[in-house]
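J.: Protein chains in written order, with this note's numbering: chain A, 110 to 270; chain B, 110 to 270.
1. If the criterion is Cβ atoms closer than 9 Å, does the pair residue 179 of chain A and residue 202 of chain B meet it?
2. Measuring only between beta-carbons, confirm whether residue 243 of chain A sits less than 9 Å from chain B.
3. Is residue 175 of chain B helix, strand or coil by DSSP?
4. Does DSSP put residue 193 of chain A in a helix, a strand or coil?
5. What's the C-alpha gap between residue 127 of chain A and residue 212 of chain A?
6. Looking at the structure shown, is residue 142 of chain A part of a helix, part of a strand, or coil, going by DSSP?
7. DSSP three-state label for residue 133 of chain B, please.
8. Can you tell me which residues form a DSSP beta bridge with residue 181 of chain B?
9. With H, G and I counted as helix, E and B as strand and the rest as coil, what does DSSP make of residue 229 of chain B?
10. Exposed or buried, what is residue 189 of chain B when buried is set at 16 or more other beta-carbons lying within 10 Å of its beta-carbon?
11. What is the DSSP secondary structure of residue 257 of chain B, counted as helix, strand or coil?
12. Would you kindly work out how many angstroms separate the C-alpha atoms of residue 256 of chain A and residue 146 of chain A, rounded to a whole number?
13. Apart from the five residues just before and just after residue 144 of chain A, which ones in its own chain have a Cβ nearer than 8 Å to its Cβ?
14. Would DSSP call residue 199 of chain B helix, strand or coil?
15. Helix, strand or coil, according to DSSP, for residue 355 of chain B in the structure here?
16. What is the residue span of the alpha helix (DSSP H) that residue 208 of chain B lies within?
17. So who's on the other strand from residue 224 of chain B, going by DSSP bridges?
18. Taking only beta-carbon positions, decide if residue 217 of chain A is within less than 9 Å of chain B.
19. Please report how far the alpha carbon of residue 269 of chain B lies from the alpha carbon of residue 252 of chain B, in whole angstroms.
20. I need the straight-line Cα distance from residue 113 of chain B to residue 170 of chain A, nearest angstrom please.
21. To be precise: take each residue of the region 220-248 of chain A, compare its Cβ to all Cβ atoms of chain B, and keep it if any distance is under 8 Å. Which residues remain?
22. Kindly indicate the opening and closing residues of the alpha helix (DSSP H) around residue 154 of chain A.
23. Using CA atoms only, rank isn't needed, just tell me which of B/181, B/124, B/196 and B/235 is closest to residue 210 of chain B.
24. Note down, in chain order, every chain B residue with its Cβ under 8 Å from the Cβ of residue 164 of chain A.
25. Within the 9 Å Cβ cut-off, does residue 197 of chain A reach chain B?
26. Can you pull the chain B residues whose beta carbon is under 7 Å from the beta carbon of residue 204 of chain A, in chain order?
27. Spatial neighbours of residue 141 of chain A within its chain, please: CB distance less than 7 Å, with the 5 preceding and 5 following residues excluded, ordered by chain position.
28. For residue 118 of chain A, which residues in chain B fall below 7 Å Cβ to Cβ?
29. Taking just the CA atoms, how far does residue 165 of chain A sit from residue 198 of chain B?
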């Protein structure tokens with residue numbers, strides 16, 4: 110199945126999701142891991158579309174999601190940069206583009222290592238909170254934790270280990 | 110907002126719906142009205158996409174659907190023919206194309222007046238039942254009613270009034 114850029118934009122406008130989660134992770138310098146991901150979920154009858162998208166981006170993993178739903182998931186930072194380049198060159202037409210722009214900013218910040226300091230991570234969490242997200246409560250909790258840390262520590266965030 | 114054919118195909122692969130309902134209607138010759146429709150539903154934040162699709166097909170009505178959901182609905186037979194021409198020239202890539210092909214057959218049959226006889230309507234209902242439909246029970250009931258009529262009447266169906 111050959112996909113054209115415009116088809117991919119239209120399909121992702123409908124079915125794609127840019128998602129950022131922040132999970133506790135004691136081995137990370139600030140105690141949290143930032144996990145941006147681009148996901149497309151489909152019923153198993155359209156599994157071949159997920160594989161075509163995987164080939165299109167030359168990135169990602171297709172796996173079972175839930176029941177008869179499957180998903181293409183792109184998490185690798187270098188792959189997400191490719192995805193961001195694509196949707197910068199071929200912009201989404203729905204309001205999903207607003208989410209995408211915030212997602213791209215977070216991917217860029219991660220490339221710059223901003224997620225490795227508490228202040229930087231706080232910026233990431235605040236940006237993720239502006240996205241259309243289902244894990245608002247969790248992000249708000251992380252935000253409160255980080256605000257407490259940032260408030261009572263040197264600006265560099267070096268002492269957060 | 111300018112839409113390209115490929116974007117429209119991708120978006121409809123994700124968000125479009127080809128739907129056929131059959132409702133009791135005493136004024137119709139066989140007692141039922143066939144209502145094929147092409148529908149795209151969106152959150153109100155993407156209302157402008159629905160209007161762009163309406164301009165693209167130069168057809169349809171945009172109206173509130175449910176809560177914060179809006180829809181573009183195309184029902185007029187001449188408009189549905191245009192929609193079918195478009196998706197014949199620019200095929201859908203998901204399994205929705207299987208539904209579309211059945212939908213197109215029903216639109217063509219209606220153009221030929223096949224829905225005006227019980228036998229023809231039975232063919233339409235049986236084809237609609239092969240589609241990914243949410244009103245299966247209702248269609249099955251209509252099918253049983255029509256089968257009883259067709260079984261006990263002349264083949265032409267002329268006596269069904």
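Glycine included, C-beta positions come from ideal geometry on N, C-alpha and C.
T.: Looking at the atomic coordinates:
1. no
2. no
3. In the structure shown, the three-state DSSP call for residue 175 of chain B is strand.
4. In the structure shown, residue 193 of chain A falls within a helical segment according to DSSP collapsed to helix, strand and coil.
5. 7 Å
6. Residue 142 of chain A falls in the strand class under three-state DSSP.
7. When DSSP states are grouped into helix, strand and coil, residue 133 of chain B belongs to the strand group.
8. Answer by DSSP bridge pairing, in chain order: B/149 and B/171.
9. helix
10. buried
11. Three-state result, residue 257 of chain B: helix.
12. 25 Å
13. 129, 130, 131, 132 and 184
14. Residue 199 of chain B falls in the coil class under three-state DSSP.
15. Not covered by the structure: residue 355 of chain B. The range shown for chain B is 110 to 270.
16. Residues 205-220.
17. In the DSSP output, where bridge partners are listed per residue, residue 224 of chain B has none listed.
18. no
19. Interpretation of residue 269 of chain B is limited by its pLDDT of 48, a score under 50 that renders its predicted location unreliable; the figure taken from the coordinates is listed afterwards. Taking the straight line joining both Cα atoms gives about 15 Å.
20. 29 Å
21. none
22. Element bounds for residue 154 of chain A: n/a, residue is neither H nor E.
23. B/196
24. Those do not exist, as residue 164 of chain A stays about 13 Å from chain B at its closest Cβ, beyond 8 Å.
25. no
26. 154 and 155
27. Counting only Cβ-Cβ distances below 7 Å, and skipping sequence neighbours, we find 131, 132, 133, 134, 230 and 251.
28. 116 and 119
29. 23 Å
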